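2 protein chains.
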Amino acid sequence: MAEYDHPSLESLTLLGVLRGLADPIRLEIVQHLGSVPEASCTALLGDRPRSSMSHHFQVLRESGLLQTRIQGVQHFNSLRKVDLDERFPGLMDVVLAG
Amino acid sequence: MAEYDHPSLESLTLLGVLRGLADPIRLEIVQHLGSVPEASCTALLGDRPRSSMSHHFQVLRESGLLQTRIQGVQHFNSLRKVDLDERFPGLMDVVLAG
DNA sequence: GATATAGTTCGATAAAAGTCGAATTAAACC
DNA sequence: GGTTTAATTCGACTTTTATCGAACTATATC
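Order-wise, the sequence lines are chains A and B.
Residue 0 is where the first sequence starts when you use numbering that gives the first Met the number 0, and the numbers rise one by one after that.
Residue 0 is where the second sequence starts when you use numbering that gives the first Met the number 0, and the numbers rise one by one after that.
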């Protein structure tokens, strides 16, 4: 696998981002990523099946909430906080405060 | 019909509110309500069936996003902006700006 | 009381989203 | 090349959510 392509800043929509956040697992992932620079999928796994988590990471990536950097066999996820702050100022602050 | 009971400020959850917002029709309703003091259901109907809209109003009410005042045969909906601003400061500003 | 109006509730259907095991890919390492 | 590790993809299934016509409730008006 080469690399993911992430949606551009301009293509992000409020509805898309809200849909990305509107799931308990994904909200938890996002909030966790608010407190660390980045995290691998495994680090956020808990006791859930990998395939479920992989699905949620995909949704988060496609809605523009996180970006994934591939290093060797690991995928490091981080919040697209700077982008999100520019596009939807204040949103991430509320989400991470909640 | 007597009156609706709306969830208390403390019982609102971020996830619940995000779920309420994560639908195109509901987001549109909320954003519209951001620009008017209140609106009846019919006023926001467009060309959609009443029963569908009634469902969305119920979801919005239960997630704490709006309150409904009954006056005669009409139901007037308004954003719970003050409550939401207190509970999730900044959230509504982003949503209404989007 | 009959009629009109505003909105809800019911119930059936359709569409969307989440779950998760099994198979697969891809890199790393011996 | 074989093995381990990290994560994805596939596909089948379940659950949740949305849609919307038809019947219903409640208020207002004549």
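Glycine residues also receive a C-beta, built at the ideal position from the N, C-alpha and C atoms.
It should be emphasised that the depicted structure is a prediction, and the values quoted were computed from it without experimental measurement.
Rounded separation between residue i and residue j - CA only
i: R60(A); j: E37(A); result: 14 Å
i: S34(B); j: D22(A); result: 28 Å
i: A42(B); j: E27(B); result: 13 Å
i: Q66(A); j: K80(A); result: 10 Å
i: G89(A); j: N76(A); result: 21 Å
i: A1(B); j: R49(B); result: 20 Å
i: G45(B); j: D46(A); result: 46 Å
i: S51(B); j: Q73(B); result: 17 Å
DSSP three-state assignment for residue i, whether helix, strand or coil
i: R68(A); result: strand
i: P11(A); result: With the sequence shown as reference, residue 11(A) is identified as Leu, and Pro is not the correct amino acid for it. Note: L11(A) maps to coil in three-state DSSP.
i: L32(A); result: helix
i: A38(A); result: strand
i: L78(B); result: strand
Bridge partners - residue i, DSSP secondary structure assignment
i: F56(B); result: None, per the DSSP bridge assignment.
Residue from the options with nearest C-alpha to residue i
i: S10(B); options: R86(B), L90(B), S51(B), Y3(B); result: R86(B)
i: S62(A); options: L14(A), Y3(A), E2(A); result: L14(A)
i: Y3(A); options: L83(A), I69(A), V81(A); result: I69(A)
i: R18(B); options: V58(B), P48(B), S50(B), P6(B); result: V58(B)
i: H54(A); options: T12(A), R25(A), P6(A); result: R25(A)
i: H5(A); options: F56(A), Q73(A), R49(A); result: F56(A)
i: D82(B); options: L64(B), H74(B), G71(B); result: L64(B)
i: G71(B); options: L20(B), V16(B), S39(B); result: S39(B)
Expected contact under 8 Å - CB spacing of residue i and residue j to nearest Å
i: L32(B); j: L78(B); result: 4 Å
i: V93(B); j: V29(B); result: Between V29(B) and V93(B) the Cβ distance is about 12 Å, and since that is not below 8 Å, they are no contact.
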